[in-house]
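Q: In the numbering used here, the protein residues as written are 2 to 790.
We treat Cβ as the ideally placed atom computed from N, Cα and C, and that holds for glycine.
Predicted, not measured: the structure shown is a model, and the values here were computed from it.
1) Secondary structure at residue 680, three-state DSSP: helix, strand or coil?
2) Could you check which residue in 762, 733, 486, 722 has the C-alpha nearest to that of residue 747?
3) Return helix, strand or coil for residue 1, following the three-state DSSP convention.
4) Could you tell me the alpha carbon to alpha carbon distance between residue 777 and residue 445, rounded to whole angstroms?
5) Just tell me which of 45, 90, 18, 725 has its CA closest to the CA of residue 58.
6) Take residue 687 and list the residues in its own chain whose beta-carbon comes closer than 6 Å to its own, dropping the five residues that flank it on each side.
7) So, at 8 Å on beta carbons, what are the nonlocal neighbours of residue 603 in its own chain, with the 5 sequence-adjacent residues on each side left out?
8) On the DSSP bridge assignment, give the partners of residue 594 in chain order.
9) Starting from residue 32 and walking both ways along the beta strand (DSSP E), at which residues does that stretch end?
10) In whole angstroms, give me the CA-to-CA distance for residue 771 and residue 634.
11) When the Cα of residue 574 is compared with those of 76, 622, 330, 513, which residue comes out closest?
12) Are the region 446–464 and the region 611–619 touching by the rule of at least three beta carbon pairs closer than 8 Å?
13) If you compare alpha carbons, which of 454, 592, 637 is closest to residue 619?
14) List, from N- to C-terminal side, the alpha helix (DSSP H) runs of 4 residues or more that fit wholly inside the region 375–458.
15) Go to residue 707, then tell me how far its beta strand (DSSP E) extends in each direction, as first and last residue.
16) Work out the CA separation of residue 412 and residue 142 for me, nearest whole Å.
17) Is residue 28 near residue 70, with beta carbons less than 7 Å apart?
18) For the pair the region 420–438 and the region 476–492, tell me if three or more CB-CB distances fall below 8 Å.
19) Which value, in whole angstroms, describes the spacing of the CA atoms of residue 460 and residue 540?
20) From residue 221 to residue 306, what does the alpha carbon distance come to, in whole angstroms?
21) Please name the residue in 454, 100, 726, 49 whose C-alpha comes closest to that of residue 20.
22) Between residue 740 and the rest of its own chain, which residues show a CB-CB distance below 7 Å, the 5 nearest in sequence each way excluded?
23) Go ahead and label residue 50 buried or exposed: buried means 16 or more other beta carbons lie within 10 angstroms of its beta carbon, across all protein chains shown.
24) In chain order, what residues of the same chain lie with their CB nearer than 6 Å to the CB of residue 419, ignoring the 5 residues before and after it?
25) Between the Cα of residue 177 and those of 642, 93, 73, 130, spot the shortest distance and give me the residue it belongs to.
26) So, for residue 128: in the same chain, excluding its five sequence neighbours on each side, which residues have a beta-carbon less than 7 Å away from its beta-carbon?
27) Could you please give me the residues that DSSP links to residue 774 through a beta bridge?
28) Residue 234 by DSSP, collapsed to three states: which one?
29) Could you tell me the alpha carbon to alpha carbon distance between residue 11 and residue 134, rounded to whole angstroms?
30) Measure the alpha-carbon distance for residue 180 versus residue 524 and round it to whole angstroms.
31) Can you find at least 3 beta carbon pairs, one from the region 646–653 and one from the region 773–788, that sit closer than 8 Å?
32) Quick check on residue 312: buried or exposed, where buried means 16 or more other Cβ atoms within 10 Å of its Cβ?
33) Quick one: grab the DSSP three-state call for residue 462.
34) If you reduce the DSSP assignment to three classes, tell me which class residue 186 lands in.
35) Given a cut-off of 7 Å on the beta-carbon distance, is the pair residue 1 and residue 317 in contact?
36) Could you check whether residue 164 and residue 41 sit closer than 7 Å to each other, using their CB atoms as the reference points?
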């Protein structure tokens with residue numbers, strides 16, 4: 002039956018024992034939700050007896066146990082009914098190329114014919130119609146859209162949630178503008194099965210009236226205090242900030258001392274250290290509004306924090322006691338899309354099919370107010386894709402932001418955009434110095450400084466690409482093009498050899514520039530021939546900008562170094578003078594600086610307060626990060642008893658931090674064998690990369706095993722630290738400073754606790770405010786249940 006607006010759709014979800022039938026996998030639950038006339042009309046679900054054991058990891062994921070399927074029908078008993086139910090239906094699934102083939106393979110296994118039905122993939126539909134979603138797992142999308150999903154990874158619940166998702170996506174497609182609908186229907190996007198046909202069907206539907214949307218054009222009206230004097234009353238401060246009750250502990254002191262610093266006429270730095278989740282962002286902004294210092298830079302590398310700042314500023318706009326303030330967010334030109342380049346990429350398709358990313362961008366372009374490519378959080382990270390649509394200084398979206406920044410009282414920037422744009426913006430605004438900069442979470446500050454001004458050329462990588470291009474030249478039909486490519490490659494190879502011979506000799510910058518110019522010329526030639534090497538014209542142009550700057554400002558160049566690692570990979574590095582460069586481009590450009598952070602390493606604190614601070618700067622500090630956290634310190638003999646008690650207390654998730662890959666592997670096997678029946682045990686790089694572990698295992702009965710690199714991610718705004726952290730091996734933790742990031746992060750976790758067999762030496766060096774427990778009650782299970790719940 003042909004797909005139509007009033008047709009029948011069967012939304013299918015399977016839970017299985019293995020990834021494929023050919024590998025011995027079997028269905029253990031099937032859920033089907035039926036849609037007719039765009040309404041959910043019926044559900045079917047059943048456990049299925051797989052006739053063999055269910056792996057423990059599958060039980061943990063689905064919560065389906067052997068007991069659940071023991072009396073369930075075998076698939077061969079259900080198969081005729083399923084074929085009858087699904088006849089004349091359009092199959093829908095979230096990842097259709099898993100569920101539909103798996104079901105057909107099961108039919109074939111029991112001697113029935115495969116279904117020959119149209120099928121739709123809701124993952125690809127969501128990627129096109131919800132381009133800014135934070136993720137495309139079913140659980141991500143249901144949270145994003147506010148759809149119900151109880152008992153995720155149960156087939157019946159997942160099928161119903163997918164059905165609701167399909168109806169929502171249908172509505173989204175209908176609500177697009179006629180222009181975007183025409184653009185989406187003009188190309189075949191190479192979608193799975195009949196997903197393109199459904200998209201066209203939905204786009205042909207009558208548009209529903211959409212809710213009115215903001216028509217802001219890049220800056221907002223924000224309010225600052227109208228009163229000349231600042232209210233020190235904590236209750237009125239809480240009302241202004243938007244707290245539902247009194248200010249959080251210490252927040253009143255934070256506001257008042259920040260206000261005092263801002264009202265003083267001193268140039269200087271104010272280092273504000275607090276425990277996490279104390280409300281320092283909203284508190285400092287309230288103090289700023291009360292002093293009316295403008296223009297002010299709000300600088301952080303954390304994109305989530307920038308969004309939070311925007312939300313706070315909009316909330317201040319609603320306060321009747323505050324007056325007008327404008328703010329805008331400004332990034333580098335290449336962070337914005339150039340719509341013209343996107344449409345050029347579509348025009349170049351001709352009769353060929355388009356790409357999923359192009360369809361996503363068309364929909365997003367009709368919705369975005371800023372044009373920032375970072376709004377598309379998932380699925381647009383491929384360098385070649387971004388390079389095809391990046392904007393420049395002439396781009397409309399960038400120009401819109403730039404013009405707003407020239408007039409705004411508050412400018413929100415990343416560290417990268419500060420290095421790239423702040424000096425030029427200061428001149429445009431006819432300022433000698435920025436009156437104030439608030440730097441929040443500055444851990445990435447020096448890294449972005451090195452990235453913006455320094456350079457590391459992967460010589461070995463360039464050599465491998467050039468050698469591959471010589472082989473690829475034989476694919477050119479034109480002998481003229483073959484010779485031209487070989488000539489360009491040979492020139493670059495000869496220059497590369499010179500680096501190996503005299504990379505650190507006098508005149509290195511000039512030779513590096515000469516090489517990059519030729520390499521950029523080669524990249525442009527290859528792009529015209531639709532060849533995309535591992536270096537892009539855009540990246541090489543960025544490198545040339547750095548070389549040109551250092552040629553004009555040689556006082557900031559320390560050295561050029563030819564380095565080689567154990568694998569023989571060679572790089573040519575340009576080392577910059579970070580201290581003097583930062584003095585020239587940062588502290589000398591700012592009259593007052595507020596550093597806001599949960600944790601500032603000693604070396605970075607020295608960098609800000611000693612190395613780059615002008616001699617006449619006032620230095621102030623407020624430290625509200627008092628450590629108050631229980632640490633359980635069993636002996637090595639007691640350690641396993643405590644682990645067993647934690648497991649029996651049914652807490653979760655539990656984080657284990659191990660110093661080496663071998664120990665991570667050993668503990669993964671140990672915990673899986675001992676606690677695998679009650680916990681899902683996951684490990685960094687064994688079951689998933691670290692970023693995926695952090696994204697997927699934030700709640701529930703999990704034991705997550707990671708390495709020390711986990712600590713470097715604690716300051717990303719979305720990272721959620723489990724409230725129980727276990728440190729079994731102390732080889733990475735022999736200094737008190739090693740503990741500081743973890744202890745600080747746990748201050749923001751309710752009922753946080755550390756379990757570790759600490760030595761007396763480490764205990765003596767840790768903050769005295771910590772609750773060190775070396776004597777324990779008899780009933781450890783009850784103790785942990787009481788403390789952690």
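A: Based on what the coordinates show:
1) coil
2) 722
3) Summary: the structure shown does not reach residue 1, with the chain confined to residues 2 through 790, and so no result is reported for it.
4) 41 Å
5) 18
6) 669.
7) 738
8) 270, 438
9) 28–37
10) Spanning the two alpha carbons is a distance of roughly 12 Å.
11) 513
12) no
13) 592
14) As far as the region 375–458 is concerned, its whole alpha helix (DSSP H) runs of at least 4 residues are 384–390, 397–406, 416–429, 446–454.
15) 703–707
16) One C-alpha to the other measures close to 32 Å.
17) For residue 28 and residue 70, no; Cβs fall outside 7 Å.
18) no
19) Each residue's Cα considered, the two are about 15 Å apart.
20) The predicted model places residue 221 with a pLDDT of 26, which falls under 50 and marks its position as unreliable; any figure quoted below should be read in that light. Taking the straight line joining both Cα atoms gives about 18 Å.
21) 100
22) 734, 767
23) Counting Cβ neighbours within 10 Å, residue 50 comes out buried, since at least 16 surround it.
24) 300
25) With distances taken between Cα atoms, residue 177 lies closest to 130.
26) 137, 357, 361, 380
27) 633
28) For residue 234, the pLDDT reaches just 49, beneath the cut-off of 50, and the residue's location in the model is therefore unreliable, leaving the point undetermined.
29) 25 Å
30) 35 Å
31) yes
32) exposed
33) helix
34) Of the three classes helix, strand and coil, the one that applies to residue 186 here is helix, per DSSP.
35) Absent from the structure is residue 1, since the part of the chain shown begins at 2 and ends at 790.
36) yes
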